[in-house]
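Visitor: Shown below is the structure under consideration.
Number of protein chains: 2
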Amino acid sequence: MNDGMPPQMGQSLLFLTDEQLRKGIEAMFFAYRGFTADPDRILADKSYGRAHHRAIHFIHRSPGTTVNNLLSILGVTKQSLNRVLRTLIEDGLVASTVGQRDKRERHLHLTAAGAALERELSDAQRDRMRAAYRAAGPTAVAGFRQVLEAMMDEETRHHYEAMKDRPE
Amino acid sequence: MNDGMPPQMGQSLLFLTDEQLRKGIEAMFFAYRGFTADPDRILADKSYGRAHHRAIHFIHRSPGTTVNNLLSILGVTKQSLNRVLRTLIEDGLVASTVGQRDKRERHLHLTAAGAALERELSDAQRDRMRAAYRAAGPTAVAGFRQVLEAMMDEETRHHYEAMKDRPE
DNA sequence: TTGGAATGTCAACAAAGCTGACGTATTGTA
DNA sequence: TACAATACGTCAGCTTTGTTGACATTCCAA
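Protein chains in written order, with my numbering: chain S, 12 to 179; chain V, 12 to 179.
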């Protein structure tokens with residue numbers, strides 16, 4: 012039976028065939044939909060979107076972060092982020108305080124209400140992630156993270172690693 | 012030193028801590044940006060977007076697929092898909108033919124030009140995926156796929172698996 | 001003191017999703 | 001043979017989230 016592989020290709024490189032790569036690409040596409048589905052449902056009720064979720068997540072993750080820093084983490088323009096941030100501030104989910112050392116900077120924190128929404132969103136997202144982790148097991152999880160990290164842009168990976176080991 | 016873990020938690024469950032889950036969530040977010048970055052750059056020059064890429068990908072993957080089938084794979088409304096499909100047909104990248112058995116159906120194929128663009132896009136995306144796979148190794152890749160598959164919605168996983176093993 | 005950096009705002013626009021409504025051709029069924 | 005359901009296309013209108021470009025304000029630092 013012809014499996015489409017050149018006979019000289021060793022078992023060791025079978026995971027690099029175009030077919031394997033295509034499966035990985037489709038797995039990323041389909042999995043990302045699941046990944047965002049639960050928070051999206053929660054946000055839809057509140058007339059917020061994914062952009063609000065991302066802002067809330069990273070403000071929670073790095074309390075006191077500046078607008079500029081958040082910008083480069085999220086990879087969007089300041090105008091785009093500003094629109095999202097403005098509604099979150101207006102709605103009392105995010106507090107923006109003038110910097111001490113540099114008064115041009117605004118430091119962002121979640122309010123109690125913002126922290127409550129963050130908790131609700133991340134609980135939902137973690138539930139799915141936990142189920143997937145549990146189903147796949149610790150070895151698979153390690154591989155999952157390795158491949159994802161290798162897939163990032165250089166600059167992005169720096170952001171990722173910079174906040175990798177911060178304590179809660 | 013307090014690592015934040017309850018002392019009764021065995022090593023076997025450390026991969027399910029909130030901190031591990033959060034890292035996985037952030038890895039998904041950052042990696043997905045890298046995942047789409049290369050095709051996005053190619054598409055920007057041609058005034059197409061990610062939606063066009065997805066349509067082209069799955070038409071290439073399942074030649075002769077109907078509009079309805081594509082709809083349920085992509086998880087969008089027919090109005091949204093139609094806008095994309097119309098431009099692709101107008102530009103001569105996709106051919107739409109009336110069904111033989113059921114004349115209500117339209118069967119979708121890539122033209123030579125469409126196949127050329129598909130090749131360009133998937134080459135770029137596969138290059139990054141290949142580099143990530145190579146860096147992480149075959150064991151990691153297996154885990155990567157396992158976790159992603161466990162992360163999908165039920166219905167989505169059916170789509171994924173239905174086209175999993177089709178020959179090129 | 002002056003140039004540049006950080007921030008914010010206004011305007012205009014585009015991609016890509018959504019709902020709702022409607023028309024047409026075709027098919028299956030009562 | 002009527003009628004209901006299906007597949008597809010399209011129009012209109014709306015939302016979210018991204019983009020440029022222009023411009024004002026505030027403040028640090030050379």
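From the three backbone atoms N, C-alpha and C, an ideal C-beta is built for every residue, glycine too. If you're wondering where the values come from, they're calculated on a predicted model, not measured in any experiment.
Mind reading off the beta-carbon distance from M140 (chain V) to I36 (chain S)? Whole number of angstroms is fine, and I expect it under 8 Å.
Guide: Position 129 of the second sequence holds residue 140 (chain V). Position 25 of the first sequence holds residue 36 (chain S). With 8 Å as the limit, M140 (chain V) and I36 (chain S) qualify as a contact, their Cβ atoms being about 6 Å apart.
Visitor: Could one say the Cβ of G147 (chain S) lies closer than 9 Å to chain V's Cβ atoms, at least one of them?
Guide: Sequence index remark: in the first sequence, residue 147 (chain S) carries index 136 (1-based). The amino acid occupying residue 147 (chain S) in the given sequence is Ala; Gly does not appear at that position. Chain V, which has a Cβ nearer than 9 Å to the Cβ of A147 (chain S), makes this yes.
Visitor: CB of E165 (chain S) to nearest heavy atom of the ligand ZN: below 8 Å?
Guide: Of the ligands one can find in the structure shown there are none, so the ligand ZN has no counterpart to examine.
Visitor: Where does S91 (chain S) land, buried or exposed, given buried means 16+ other C-beta within 10 angstroms?
Guide: In the first sequence, residue 91 (chain S) corresponds to position 80, counting from 1. Answer is exposed; the Cβ neighbour count stays below 16.
Visitor: By the criterion of Cβ-Cβ separation under 8 Å, what are the contact partners of T171 (chain S) in chain V?
Guide: Here residue 171 (chain S) refers to the residue found at position 160 of the first sequence. It should be noted that the sequence gives Tyr, not Thr, for residue 171 (chain S). Neighbours of Y171 (chain S) on chain V, chain order: E37, A38, F41.
Visitor: Mind pulling the chain S residues with CB within less than 8 Å of A153 (chain V)?
Guide: The residue given as residue 153 (chain V) occupies position 142 in the second sequence. Going along chain S in sequence order, the residues near A153 (chain V) (Cβ under 8 Å) are F26, A151, G154.
Visitor: What residue range does the alpha helix (DSSP H) around T47 (chain S) cover?
Guide: As a first step, residue 47 (chain S) must be located in the first sequence, where it is residue number 36. First-last of the alpha helix (DSSP H) with T47 (chain S): 29-56.
Visitor: Quick one: any contact between the stretch 104-112 of chain V and the stretch 108-124 of chain S, if contact means 3 or more CB pairs under 8 Å?
Guide: Judged by Cβ distances under 8 Å, the stretch 104-112 of chain V makes no contact with the stretch 108-124 of chain S, as fewer than three pairs qualify.
Visitor: My output table needs one value for L81 (chain S): the three-state DSSP class, helix, strand or coil.
Guide: Position 70 of the first sequence, counting from 1, holds the residue named residue 81 (chain S). Helix.
Visitor: Going by DSSP, what residue range makes up the alpha helix (DSSP H) through L99 (chain V)?
Guide: Taking the second sequence and counting its residues from 1, the one referred to as residue 99 (chain V) is at position 88. Looking at the DSSP string, the run of the alpha helix (DSSP H) that includes L99 (chain V) is 89-101.
Visitor: Using the Cα positions of D134 (chain S) and D49 (chain S), report the straight-line distance between them to the nearest angstrom.
Guide: Working through the first sequence from its first residue, we reach residue 134 (chain S) at position 123. Working through the first sequence from its first residue, we reach residue 49 (chain S) at position 38. Between D134 (chain S) and D49 (chain S), the C-alpha separation is close to 10 Å.
Visitor: Give a yes or no on whether 9 Å exceeds the smallest Cβ distance from S73 (chain S) to chain V.
Guide: Position 62 of the first sequence, counting from 1, holds the residue named residue 73 (chain S). Not one chain V Cβ lies under 9 Å of S73 (chain S).
Visitor: Go ahead and label A123 (chain V) buried or exposed: buried means 16 or more other beta carbons lie within 10 angstroms of its beta carbon, across all protein chains shown.
Guide: Here residue 123 (chain V) is taken as the residue at index 112 of the second sequence, counted from 1. Classification for A123 (chain V): exposed.
Visitor: Less than 9 Å separating the beta-carbons of A153 (chain S) and L159 (chain V)?
Guide: On the first sequence, position 142 is the one that residue 153 (chain S) refers to. On the second sequence, position 148 is the one that residue 159 (chain V) refers to. It is not a contact, given that the beta carbons lie outside the stated cut-off.
Visitor: How is P178 (chain S) classed by DSSP in three states: helix, strand or coil?
Guide: Sequence index remark: in the first sequence, residue 178 (chain S) carries index 167 (1-based). Its pLDDT being 49, under 50, P178 (chain S) is placed unreliably in this model, and the coordinates cannot settle the point.
Visitor: So is D113 (chain S) in contact with chain V if we call contact Cβ pairs under 9 Å?
Guide: As a working mapping, residue 113 (chain S) is identified with position 102 in the first sequence. Chain V contact via Cβ: absent.
Visitor: Using the Cα positions of R97 (chain V) and R137 (chain S), report the straight-line distance between them to the nearest angstrom.
Guide: Taking the first residue of the second sequence as position 1, residue 97 (chain V) is located at position 86. Taking the first residue of the first sequence as position 1, residue 137 (chain S) is located at position 126. Going by the C-alpha atoms only, they are around 39 Å apart.
Visitor: Is the beta carbon of K34 (chain V) less than 9 Å from the beta carbon of R156 (chain S)?
Guide: Indexing the second sequence from 1 puts residue 34 (chain V) at position 23. Indexing the first sequence from 1 puts residue 156 (chain S) at position 145. Yes, Cβ-Cβ distance for K34 (chain V) and R156 (chain S) is below 9 Å.
Visitor: From the DSSP output, in three-state form, read off T122 (chain V) for me.
Guide: Locating residue 122 (chain V) in the second sequence gives position 111, where the first residue counts as 1. If DSSP states are grouped into helix, strand and coil, T122 (chain V) belongs with coil.
Visitor: Classify A142 (chain V): buried if its beta carbon has 16 or more other beta carbons within 10 angstroms, exposed otherwise.
Guide: One-based indexing of the second sequence puts residue 142 (chain V) at position 131. Classification for A142 (chain V): exposed.
Visitor: Going along chain S in order, which residues have a C-beta closer than 7 Å to the C-beta of G205 (chain V)?
Guide: Any property of residue 205 (chain V) remains undetermined from this structure, which presents chain V solely from 12 to 179.
Visitor: Please identify the residue among S:G86, S:L25, S:I70 whose C-alpha is closest to the C-alpha of L128 (chain S).
Guide: Along the first sequence, one-based indexing puts residue 128 (chain S) at 117. If we check each option's Cα against that of L128 (chain S), S:I70 comes out closest.
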